[in-house]
Amino acid sequence: MIWLPELEVYSAKIDEKTGHPAIRFVSKSLCHATVGADVVTLCLHACAYCYTKQLTRLKWEGESALPTATGLYEDLPRVLDKLFSENPVKYPFRYGVFGNVSPPYEFTSRLFSECLRVHLKHEYPAIIFSKVPLHYYVADELLKLAERNLLFVSVTITSFDHELVRFFEPRAPSPEDRAKFIEWCEDHGIPWSVRISPMYQGRVDSAEGIRSILSRLPRGHVIVEYLRVEYYKFTDPKRAVEVGITREEAERLVKVFERRGVKPWDEIKMGFKGWFTAPAKYALERMLEIRDEVNRLGFSFAMCGHYTKFKIQDYRDCCTGRHDWYMKFSAFWKPERAKDKRFVEFFTDRLPRTPLRLFRDRNTCLITEKTVEELKRTL
Ligand code: SF4
Numbered sequence: 457m458i459w460l461p462e463l464e465v466y467s468a469k470i471d472e473k474t475g476h477p478a479i480r481f482v483s484k485s486l487c488h489a490t491v492g493a494d495v496v497t498l499c500l501h502a503c504a505y506c507y508t509k510q511l512t513r514l515k516w517e518g519e520s521a522l523p524t525a526t527g528l529y530e531d532l533p534r535v536l537d538k539l540f541s542e543n544p545v546k547y548p549f550r551y552g553v554f555g556n557v558s559p560p561y562e563f564t565s566r567l568f569s570e571c572l573r574v575h576l577k578h579e580y581p582a583i584i585f586s587k588v589p590l591h592y593y594v595a596d597e598l599l600k601l602a603e604r605n606l607l608f609v610s611v612t613i614t615s616f617d618h619e620l621v622r623f624f625e626p627r628a629p630s631p632e633d634r635a636k637f638i639e640w641c642e643d644h645g646i647p648w649s650v651r652i653s654p655m656y657q658g659r660v661d662s663a664e665g666i667r668s669i670l671s672r673l674p675r676g677h678v679i680v681e682y683l684r685v686e687y688y689k690f691t692d693p694k695r696a697v698e699v700g701i702t703r704e705e706a707e708r709l710v711k712v713f714e715r716r717g718v719k720p721w722d723e724i725k726m727g728f729k730g731w732f733t734a735p736a737k738y739a740l741e742r743m744l745e746i747r748d749e750v751n752r753l754g755f756s757f758a759m760c761g762h763y764t765k766f767k768i769q770d771y772r773d774c775c776t777g778r779h780d781w782y783m784k785f786s787a788f789w790k791p792e793r794a795k796d797k798r799f800v801e802f803f804t805d806r807l808p809r810t811p812l813r814l815f816r817d818r819n820t821c822l823i824t825e826k827t828v829e830e831l832k833r834t835l
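This note's numbering applies: residue 457 is where the sequence shown begins, and numbers increase by one.
This is the structure in C-alpha cells:
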C-alpha cells in the first residue's frame, strides 16, 4: 500500500529577521544545538513518543510559532542563503529540530538537497539529526560536504526489536536501514554518532539492551536520552494557539508505553508544564551502568535530556564526542559581525550558557565518583 499524506506548503517570509518560522533557536541553556531548521514541519513518521506533537503551539510575534498542519518549508534554501551571506558566523546549523526529512521523500529530499547545496555554496557547517538513511537520497551532497569537513550526522536508533519499532515508530525507516546509513558514513569518512533516543526504561536501558543495539554498529559515539511525555497547562488564549497534549492525555500515553514494559515513571512538574519520565535516581544509576557497558564495547558515551541535576559524558561535546564538532567551529565566532539583533543575542547571551562554554576546559566525564554519591543522596 502506498501511503500519501496531504501536505500544506508553507511559504515563509523572507525579511530582515531570523524570526523566520522555519528557523528556531533550539534551546536556551542545555543544548549545543542552538540554531537549526527543518525542511518539513510536523514530521509524518508518526512516532508514538514524538515530542513535537506534545508541544503547545505558542504565539510568536502574533503568529503560531509552529504550524499546526504538516507542511514543507519550500523557501528554506532561499532563507538560508540570505542568512548565511548576512551572518557569516559559522556555527553548525542543525537539521532535525522539530522534524525529520520525512515522507513524502521525493519532495522533502529534493528540498533538503537544495538546502545542503546552500551550505556548500557558503562553506557553512551542518549537523543532521535523522532517522532517515539519507544516503539513499542526497549522497552526493553529503559526500561533498564531508570532503570539506562541513558535515556531522547523528542517527537515531531506539531498538532493533521489531515489535517495539512497529508500535512506536510505525512510519519511520527500519533500524536496519538506519544502521546501513551509519555504515555508509563510516565507510565514507563522514563523522557520525548514534542516538538511542528515546531510551525505553525497562526495555532498553540495561547492559543487554544497549548491547543489542551497539553490537550491530561500527564503533563510535553514542548518546542516550530517556523517554519523556510532556504536557502543558498553559492555555492562555492570548499566548497559546493550540495545546499539545493535556496531563490526562499524557497519562494515557504513559499507560500505552507501560503495557509494552516501558517503566518505571515519575512525574516532574515545572510551572506551566510537566512531564513523565524515568525517575531521576533510577536514571542516574542506569546511566552509570550503561556508560560502563558503552565504554566496554569501545564506544564513547553521553547523555542528553532534561536532567539538569547531572550530566554524564565522556567528551565536552555531547552530540559528537571526540569529533568536538561544535567547538571546532568556535574559532569562527565573531559576534560583532552578526548584524541581526537576535543573532547577537544568540552568540552573546544564549550560547555562552550552553555546556560548550560552561565545561569548555573539561575533557572527561562531567560527573565524578564523589559527586555520584552526593547526587544519589539528594535525588
Ligand atoms: S522522526 Fe522525530 S520528528 Fe518525526 S515523528 Fe518521529 S520523533 Fe517526531
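A virtual CB, placed ideally from N, CA and C, is assigned to each residue, including glycine.
Rounded C-beta distance between residue i and residue j? I'm assuming under 8 Å.
| i | j | result |
| --- | --- | --- |
| Leu606 | Glu642 | Contact doesn't hold; Cβ gap of about 18 Å is too wide. |
| Ile679 | Cys774 | 6 Å |
| Trp721 | Val712 | The Cβ separation is near 12 Å, so there is no contact. |
| Tyr529 | Leu683 | About 28 Å; that fails the 8 Å criterion. |
| His677 | Arg778 | 7 Å |
| Phe637 | Leu572 | In fact, because the Cβ distance is near 15 Å, the residues do not count as touching under 8 Å. |
Could you give the first and the last residue of the continuous beta strand (DSSP E) run that contains residue i?
| i | result |
| --- | --- |
| Gly552 | That residue, Gly552, is in no beta strand (DSSP E); it is neither H nor E in DSSP. |
| Thr733 | Lys729 to Thr733 |
| Ser756 | Ser756 to Met759 |
| Glu723 | Asp722 to Met726 |
Would you kindly report the start and end of the unbroken alpha helix (DSSP H) that includes residue i?
| i | result |
| --- | --- |
| Ile583 | Where Ile583 is concerned, there is no enclosing alpha helix (DSSP H), although the beta strand (DSSP E) it sits in stretches over Ala582 to Ser586. |
| Val574 | Tyr561 to His578 |
| Lys636 | Pro631 to Asp643 |
| Asp617 | Segment: none, Asp617 is in no alpha helix (DSSP H) and carries neither H nor E. |
| Glu746 | The amino acid occupying residue 746 in the given sequence is Ile; Glu does not appear at that position. Unbroken alpha helix (DSSP H) run through Ile746: Ala736 to Arg752. |
| Ala706 | Arg703 to Arg715 |
| Lys886 | What is shown of the chain runs 457 to 835, which leaves residue 886 out entirely. |
| Tyr593 | His591 to Glu603 |
| Lys784 | Trp781 to Lys784 |
Considering only the beta carbon of each residue, do residue i and residue j sit closer than 9 Å?
| i | j | result |
| --- | --- | --- |
| Val685 | Phe732 | yes |
| Asn600 | Glu625 | The identity of residue 600 in the sequence shown is Lys, whereas the question assumes Asn. No. |
| Ala582 | Pro548 | yes |
| Ser653 | Cys760 | yes |
| Asp748 | Ala758 | no |
| Leu673 | Glu639 | yes |
| Phe608 | Lys577 | no |
| Gly555 | Val594 | no |
| Arg634 | Glu681 | no |
| Arg622 | Leu500 | no |
| Phe568 | Thr612 | no |
| Glu714 | Tyr687 | no |
| Lys509 | Ile701 | yes |
| Val557 | Ala493 | no |
| Val574 | Leu598 | no |
| Leu620 | Arg716 | yes |
| Arg675 | Gly754 | yes |
| Ser671 | Ser610 | no |
| Glu570 | Pro631 | no |
| Lys737 | Gln657 | no |
(message) Would you call the segment 661 to 677 in contact with the segment 737 to 750, where contact means no fewer than 3 C-beta pairs closer than 8 Å?
(response) Taking a cut-off of 8 Å for Cβ pairs, the segment 661 to 677 and the segment 737 to 750 touch, as three or more such pairs fall below it.
(message) List, from N- to C-terminal side, the alpha helix (DSSP H) runs of 4 residues or more that fit wholly inside the segment 652 to 691.
(response) 663 to 670
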